[in-house]
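In what follows, a structure is listed as structure tokens, so that the remarks can point back to it.
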Amino acid sequence: MHTRLKDQWPTLLVAALAGTFGVALLHITGLLGAAIAADDVTGGSDTVALMLGIVALVFIVIAIYVSAIVTANTVATVVAGRTRLIALLRLIGSSARAQRAQIAREGLLIGLIGAAIGVVLGTGVAFGLSAFAVANDLMPATDYDYVNVSIVLPAVAVVVTTWLASWVGSRRVLRVRPIQAIGNSNEQDREELARHRGRNVTALVLFVLGIALLVAGVIWGLSDPTGVLIGMVGGLVSFTGIVLGAHVVMPPVLRLVGRLFGASPAARLAAENAVRHPERSSRMTIGLVIGVTLVTTFSVTMESYRAMLLAAQEAHPEVYAGIDEMLNVTVAVFTVLIGFSALIAAIGMVNTLSLSVMQRTRELGLLRALGFDRRQLRRMIVVESAALTLAATVTGIVLGFGYGWAGAQALLGGAQAEPVFVFPGIPWALFGGLLLAAGVLTLVASIAPARRAMRVSPVVALAVD
Amino acid sequence: MQIQPSDLGLIARVAELGKRYGDGSGTVTALDAVSLGLRRGEFTAIMGPSGSGKSTLMHIMAGLDSPTTGRVWLGDTDITELPDSALTVLRRRRIGFIFQSFNLVPTLDVRGNVMLPFDLDGRRPTRDEQAWIDELFDTLGLRSRIGHRPHELSGGQQQRVAIARALATRPDLVFADEPTGNLDSRTGREVLGLLAAASARYGQSIAMVTHDPVAASHADRILFLADGRIVRDSGRSSAEEISSFMLSMEVAA
Numbered sequence: 111m112h113t114r115l116k117d118q119w120p121t122l123l124v125a126a127l128a129g130t131f132g133v134a135l136l137h138i139t140g141l142l143g144a145a146i147a148a149d150d151v152t153g154g155s156d157t158v159a160l161m162l163g164i165v166a167l168v169f170i171v172i173a174i175y176v177s178a179i180v181t182a183n184t185v186a187t188v189v190a191g192r193t194r195l196i197a198l199l200r201l202i203g204s205s206a207r208a209q210r211a212q213i214a215r216e217g218l219l220i221g222l223i224g225a226a227i228g229v230v231l232g233t234g235v236a237f238g239l240s241a242f243a244v245a246n247d248l249m250p251a252t253d254y255d256y257v258n259v260s261i262v263l264p265a266v267a268v269v270v271t272t273w274l275a276s277w278v279g280s281r282r283v284l285r286v287r288p289i290q291a292i293g294n295s296n297e298q299d300r301e302e303l304a305r306h307r308g309r310n311v312t313a314l315v316l317f318v319l320g321i322a323l324l325v326a327g328v329i330w331g332l333s334d335p336t337g338v339l340i341g342m343v344g345g346l347v348s349f350t351g352i353v354l355g356a357h358v359v360m361p362p363v364l365r366l367v368g369r370l371f372g373a374s375p376a377a378r379l380a381a382e383n384a385v386r387h388p389e390r391s392s393r394m395t396i397g398l399v400i401g402v403t404l405v406t407t408f409s410v411t412m413e414s415y416r417a418m419l420l421a422a423q424e425a426h427p428e429v430y431a432g433i434d435e436m437l438n439v440t441v442a443v444f445t446v447l448i449g450f451s452a453l454i455a456a457i458g459m460v461n462t463l464s465l466s467v468m469q470r471t472r473e474l475g476l477l478r479a480l481g482f483d484r485r486q487l488r489r490m491i492v493v494e495s496a497a498l499t500l501a502a503t504v505t506g507i508v509l510g511f512g513y514g515w516a517g518a519q520a521l522l523g524g525a526q527a528e529p530v531f532v533f534p535g536i537p538w539a540l541f542g543g544l545l546l547a548a549g550v551l552t553l554v555a556s557i558a559p560a561r562r563a564m565r566v567s568p569v570v571a572l573a574v575d
Numbered sequence: 007m008q009i010q011p012s013d014l015g016l017i018a019r020v021a022e023l024g025k026r027y028g029d030g031s032g033t034v035t036a037l038d039a040v041s042l043g044l045r046r047g048e049f050t051a052i053m054g055p056s057g058s059g060k061s062t063l064m065h066i067m068a069g070l071d072s073p074t075t076g077r078v079w080l081g082d083t084d085i086t087e088l089p090d091s092a093l094t095v096l097r098r099r100r101i102g103f104i105f106q107s108f109n110l111v112p113t114l115d116v117r118g119n120v121m122l123p124f125d126l127d128g129r130r131p132t133r134d135e136q137a138w139i140d141e142l143f144d145t146l147g148l149r150s151r152i153g154h155r156p157h158e159l160s161g162g163q164q165q166r167v168a169i170a171r172a173l174a175t176r177p178d179l180v181f182a183d184e185p186t187g188n189l190d191s192r193t194g195r196e197v198l199g200l201l202a203a204a205s206a207r208y209g210q211s212i213a214m215v216t217h218d219p220v221a222a223s224h225a226d227r228i229l230f231l232a233d234g235r236i237v238r239d240s241g242r243s244s245a246e247e248i249s250s251f252m253l254s255m256e257v258a259a
């Protein structure tokens, strides 16, 4: 099945990246833990090492969660592209279940290879970083052992999630009918929005409950900073609701963003294309939404915190000396850690967009025959890419801003003698950076499909296959 | 003064047209020195067995493919060496297409599909054109379907939308490639009747590629192709006459 694995390389890339990230982060945590244990002052305390471990775990879980969504989406798109082949095999007598199992096996294999690559690369990255840190006297040399049990954890997680995500993503195989191998080429590519009643209800309940908790946290926070803990739970619960209900939330956002690009035929078609597979586009964008929301939430909270500290610093400069620098470093480190999930989501988006444009060759040929010129086709693809990226970024920024402000209010609203309204700090640099990244992603994601679309000859639309 | 194709009452013309694929010993000759003219206002059928070159001929006449040798005119325009951008505009304004299947843009509704050629040109239909489009919607029985997407329509309805789109800009020439290939025979007859009526009533020039004798029997003129050459040029014929000629061609081969 060598040739069949070719369209799965992005799945491998995602698995390898998630594995590398997980392994490297655990190694680095271990290295830091060893350094702390060796230090005379902090050596006595286990708390710091424990906290480091928990933080690392949270980031690994986020990265693996995002990569699972991306993998499921990639596999679903790959299956859509293989419909003809699967239908032919079904026609000859293969069962749908066997076909699905085949895809799940591919997932398992890819997961294994990805995890292996992750262990090697992740260890290499951690080793390189620590060697650099030791050489520059940033960190004492430790006797940290790179061969230890903890790195098995991310490796196993990558294998299992890639396997499971392939299984989930291959659900579509069951809907391929043998007749599609010989049927006419009218593409039945419309994915009707399945009635996920259970899922919708769960999503709504989680969202409402989460928001209620968030509000409670903010109010509680007016008198007591522990309100932030309630607020955090509320934030997590409501955000899970949004992620679960992405197929309801994202399409309207995509439509709205799509309208921004004007009423030219290319832009109108692009806006429609962005929502033609509502499930696919929702999963395609939600990974990015998660990344952007997390980065923004964190940044807005820290910015509000910084504003408050700066006010305090003016009153008592000696107490708060050097705190600004420390905040900057913390924000930078966390942004990079969270940004990694966004990177994985971005890879998924680039790939899914490429695949779905390739599956549209006939339609592109039709458009060429009817009088779309090459520039209009390219414009169509770029706008589709921009609609997806922009919708994800803007949603993430809006959500992150709300969560970040709620967090800051709950944390700082009661920190002083009397309750205050905390003005949300606006991390302009981050917003600028995010929009810039969105622009770059739009272009990167549209290069390959646009080039391909411009090469399509109109004769393709007339060819009867 | 040079004689233009239109002086001869022709809407399209090809001269000494040749098309070869590949080179060396693997060369395939799809068209071999074909010369013909399509008359304005006529419904012409281009027939021939698979591999006879009829699709290649149509692609070249519609500016979708370029010939190896010879020249092609649409109206008085020599389109043989037009660059891609000029050909695109030509297809948009002066040619209509009806394909066997996958005719419509799935993300646009019926109105959007019919208006696409105007939108692409960046203009709105004139009052006169709008009246014509409304008439087309009525004649083709699409009035109640205007807001529907292609997947909500039957095969026959989809072909009617394709016909409406192809006729909407009143192009010089409509190309139809096996327009009934995917339809049941009753729906197919309806579609052919509509094409014939468009030609007879409104003087629309139509070129239809087909291998179905029944489809060809609706045309005013029938050209037979075999091995990249025109082997017969006949007027309106019955399906029986066409079938027997096709059979004799097969036997001779």
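Taken in sequence, the protein lines are chains D and X. In terms of the numbering used here, the first sequence is residues 111 to 575. In terms of the numbering used here, the second sequence is residues 7 to 259. Note that beta-carbon positions come from the ideal geometry of N, C-alpha and C, so glycine has one too. Computed from a prediction, not measured in an experiment: that's the story for all the values here.
Based on the DSSP secondary-structure assignment, which residues constitute the bridge partners of residue i?
| i | result |
| --- | --- |
| methionine 53(X) | Thr216(X) and Phe230(X) |
| tyrosine 175(D) | Paired residues: none, contrary to the question. |
| aspartate 239(X) | Leu229(X) |
| alanine 182(X) | Ile104(X) and Met214(X) |
| alanine 18(X) | Leu44(X) and Leu80(X) |
Measure the alpha-carbon distance for residue i versus residue j and round it to whole angstroms.
| i | j | result |
| --- | --- | --- |
| arginine 393(D) | proline 177(X) | 43 Å |
| threonine 411(D) | arginine 117(X) | 50 Å |
| phenylalanine 251(X) | alanine 206(D) | 47 Å |
| glycine 241(X) | serine 12(X) | 21 Å |
| leucine 141(D) | leucine 248(D) | 13 Å |
| glycine 76(X) | alanine 21(X) | 6 Å |
| glycine 147(X) | arginine 166(X) | 8 Å |
| threonine 113(X) | asparagine 119(X) | 9 Å |
| arginine 215(D) | threonine 271(D) | 13 Å |
| asparagine 258(D) | threonine 233(D) | 11 Å |
| valine 504(D) | valine 34(X) | 55 Å |
| alanine 548(D) | alanine 496(D) | 8 Å |
| phenylalanine 408(D) | glycine 351(D) | 19 Å |
| threonine 336(D) | isoleucine 220(D) | 44 Å |
| leucine 253(X) | glycine 54(X) | 11 Å |
| glutamine 486(D) | alanine 36(X) | 32 Å |
| alanine 291(X) | phenylalanine 482(D) | Outside the modelled stretch of chain X, which goes from 7 to 259, sits residue 291(X), for which no answer is possible. |
| alanine 159(D) | threonine 471(D) | 54 Å |
| aspartate 233(X) | leucine 44(X) | 20 Å |
| histidine 387(D) | valine 40(X) | 46 Å |
| glycine 327(D) | leucine 339(D) | 7 Å |
| valine 405(D) | glutamate 158(X) | 43 Å |
| isoleucine 448(D) | alanine 455(D) | 11 Å |
| glutamine 10(X) | isoleucine 85(X) | 14 Å |
| glutamate 249(X) | alanine 384(D) | In the sequence as presented, glutamate is not what sits at residue 249(X); that position holds serine. Near 48 Å, if we compare the C-alpha coordinates of alanine 384(D) and serine 249(X). |
| isoleucine 507(D) | arginine 194(D) | 40 Å |
Restricting to Cα atoms, I'd like to know which of the options is closest to residue i.
| i | options | result |
| --- | --- | --- |
| methionine 121(X) | Ser107(X), Gly102(X), Phe108(X) and Gln106(X) | Gly102(X) |
| leucine 16(X) | Gly30(X), Met255(X) and Phe49(X) | Phe49(X) |
| glycine 153(X) | Leu159(X), Pro185(X), Asp115(X) and Pro131(X) | Asp115(X) |
| phenylalanine 124(X) | Arg99(X), Leu42(X) and Met67(X) | Arg99(X) |
| isoleucine 169(X) | Ile66(X), Ile104(X), Gln10(X) and Thr83(X) | Ile104(X) |
| proline 361(D) | Leu419(D), Leu323(D) and Glu382(D) | Glu382(D) |
How about residue i: is its Cβ closer than 7 Å to a heavy atom in the ligand SAM?
| i | result |
| --- | --- |
| valine 20(X) | In the structure shown, the ligand SAM is absent, as is every other ligand, since no ligand is present at all. |
Confirm, please, whether the CB-CB distance from residue j to residue i is below 8 Å.
| i | j | result |
| --- | --- | --- |
| proline 264(D) | glycine 228(D) | yes |
| valine 493(D) | alanine 380(D) | yes |
| alanine 182(D) | leucine 136(D) | no |
| glycine 355(D) | threonine 184(D) | no |
| glycine 345(D) | glutamine 519(D) | no |
| glycine 69(X) | leucine 88(X) | yes |
| glutamate 196(X) | glycine 162(X) | yes |
| valine 180(D) | valine 124(D) | yes |
| alanine 584(D) | valine 441(D) | A question about residue 584(D) goes unanswered here, because the residues of chain D that appear run from 111 up to 575. |
| serine 348(D) | leucine 314(D) | no |
| valine 176(D) | glycine 401(D) | yes |
| proline 559(D) | leucine 463(D) | yes |
| arginine 26(X) | threonine 74(X) | yes |
(request) Please specify which runs of the alpha helix (DSSP H), each continuous and at least 4 residues long, are wholly inside the segment 24 to 102 of chain X, giving them in chain order. (result) Runs found: 60 to 67 and 90 to 100.
(message) As an exercise, report each continuous beta strand (DSSP E) stretch of at least 3 residues that is fully enclosed by the segment 172 to 234 of chain D, in chain order.
(response) Note on the segment 172 to 234 of chain D: there is no whole beta strand (DSSP E) run with a minimum of 3 residues.
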